[in-house]
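So the sequence lines, in the order shown, correspond to chains A and B.
Residue numbering for the first sequence is 1 to 226, as defined by this note's numbering.
Residue numbering for the second sequence is 1001 to 1226, as defined by this note's numbering.
Everything below concerns the one structure shown next.
Number of protein chains: 2
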Amino acid sequence: MYRKNKKFHVAVDCIIFGFDRQELKLLCIKRDFEPEKGRWSLMGGFLKESEDIDQAAERVLYQLTGLEHIYLEQLQAYGKRERDPAGRVISIAYYALIDSVRFDKQISRTYDASWFSLDHLPDLVFDHRVMVDKAIRRLQRRCRTQPIGFELLPEKFTLPQLQLLYEEIFGRAFDKRNFRKKILAMGILNKLEEKDKEGSRKGAYLYQFDKDKYDAMMNNGFNFEI
Amino acid sequence: MYRKNKKFHVAVDCIIFGFDRQELKLLCIKRDFEPEKGRWSLMGGFLKESEDIDQAAERVLYQLTGLEHIYLEQLQAYGKRERDPAGRVISIAYYALIDSVRFDKQISRTYDASWFSLDHLPDLVFDHRVMVDKAIRRLQRRCRTQPIGFELLPEKFTLPQLQLLYEEIFGRAFDKRNFRKKILAMGILNKLEEKDKEGSRKGAYLYQFDKDKYDAMMNNGFNFEI
DNA sequence: GCAAAAGTGTTGAACTTACACCCATGT
DNA sequence: ACATGGGTGTAAGTTCAACACTTTTGC
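Written out as structure tokens, the structure reads:
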């Protein structure tokens, strides 16, 4: 079936966002293979016959970070004829959100990977910069109406950390009081007894995102919105 | 280059939305080829070596409707192993918005195409129903913050028509006064002298979307929102 | 003259924004 | 004792939602 039609190489590329408690960053690798050897690039890999495309993206993400069960969403497919000068490749871009404190530094050293602040990105190969720009806009839109920001934080986090994260994502400052009011009013965070003393003398209370409560509220017509 | 990697069939499928001044509808074709001959399906086609994937989508849309320069946006790629039982195909879904009064009935008869109301869709082959559901949600989100609804209307339209369209897209009614107030306050519609007498005795004033004004306002930080 | 759709303003409620001081702690 | 970041409430402004009647015209 379909034998008369042309076939193509299909790859996945991963836009990996991480938050190091200060800045929103992107994980890139220095290519040690042709073409474009030595230049910065997104982590990618060719699709195999044995896997769904989503699985390919999970595999590629795992190869670089050693992480599984990570928030991973397809961005879109890129398929201009000349996007890769070494051959026709249809690339399907995914973006991932990870707690960048948690990933495997050992593995990523193998790939010569490093984190870049979003406003000091290196030159990237092919159309990877286009993918990244699109991913940033998508991340902003998604974060405005879905509770995925938490994917970038450790399981327990403080409200100042959360606020800083959103300020990084949206590129603007929020009023501390209004931010807390809004977030807490949603009733989807559980306040813990513990405090985090990293950020200040006084220490800030830790919170956890309560997915069950969120799901329950969603079924009652609640809408998350920052 | 890349020779050791597997290649795949790549196709595009088009989710074609149309508005017939009453209802939001989807254009499907009855397959007259295997597999799944005789069942309803989205219009699709295999990618050719000579074209970008966006061009492939334009070609497929043109084949069925005879229309060019249509709003067409990529939805995402679908690549589960078993999505097409006749062979491994990576399908890239696009959705299009057309004024369904304007398309070529001649051509589409060849393909045994017909329009279906969104809440009475036929069974669709493969994962086409999943694509359509995703396209509907995407359309709703896009229409909320971008002036793409106009793509579904003729160049000149009345406010009652526009309101009906948005009610169809979002699946809920709006208050007539509030809707007019909001739309007109944006200042992106030009009121014409002519009236459209189709819908009523009295007749309703025709308006045009003013893209230049919209673009100018966008540069000044304006945000479209319904 | 009547049926059918087009057009038009106001008010209360809800939400958003702006803003300043005290608290707890480590050094 | 002081420097640092954490935590808290209120008032004004803005936006949103609800609501009913008059106009025009073809029949």
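C-beta: ideal position from N, C-alpha, C; glycine also.
The straight-line gap separating the alpha-carbon atoms of B/SER1200 and B/PRO1160 is approximately 11 Å. Close CB contacts of B/CYS1143 within its chain, under the 6 Å cut and outside five residues either way in sequence, are with GLY1149 and ILE1169 (chain order). Counting of Cβ neighbours within 10 angstroms places B/ASP1112 among the exposed residues, the total staying below 16. For the segment 1002–1015 of chain B, the set of positions with a beta-carbon nearer than 8 Å to some beta-carbon of chain A reads TYR1002, ASN1005, LYS1006, LYS1007, PHE1008, HIS1009 and VAL1010 in chain order. Here B/SER1091 has ALA1011, ASP1013 and TYR1078 as same chain residues with Cβ atoms under 6 Å from its own Cβ, once five neighbours each way along the sequence are excluded.
Taking a C-beta distance under 9 Å as the contact criterion, B/MET1131 and B/LEU1042 qualify as a contact pair. Under the Cβ distance rule, B/GLU1058 does not count among the residues neighbouring chain A, no pair being separated by less than 9 Å. Going by beta carbons, A/LEU61 and A/ARG138 fall outside the 9 Å limit. B/PHE1209 is positioned such that its CB atom lies no closer than 9 Å to that of B/ILE1098. Every alpha helix (DSSP H) stretch that sits fully inside the segment 84–137 of chain A and reaches 4 residues is listed by chain position as 105–110. In this structure the segment 1187–1196 of chain B lies against the segment 1205–1222 of chain B, because at least three pairs of beta carbons, one per stretch, are closer than 8 Å.
Residue environment for B/ALA1086: exposed (fewer than 16 other C-beta atoms within 10 angstroms of its C-beta). Residues of the segment 1072–1087 of chain B with a C-beta atom less than 7 Å from some C-beta of chain A are GLN1074, GLN1076, ALA1077, GLY1079, LYS1080, ARG1081, ALA1086 and GLY1087, listed in chain order. If you check each beta-carbon in the segment 1012–1041 of chain B against every beta-carbon of chain A, the ones closer than 8 Å belong to GLU1034 and PRO1035.
Contact annotation: B/ARG1059 and B/GLY1038 have beta-carbon atoms that are not nearer than 9 Å. Residue pairing for B/ILE1029: DSSP places it in a beta bridge opposite B/SER1041 and B/ALA1113. Chain A places a beta carbon closer than 9 Å to that of B/GLU1049, counting this residue as a contact. Nearest C-alpha to A/ALA57 among A/ILE15, A/VAL89 and A/LYS30: A/ILE15. Leaving aside the five residues that flank A/ALA204 on each side, the residues in its chain whose CB is nearer than 7 Å to its CB run, in chain order, THR158, LEU159, PRO160, LYS195 and ASP196. Legend: CB atoms of the segment 107–140 of chain A lying less than 8 Å from CB atoms of chain B are not found in any residue.
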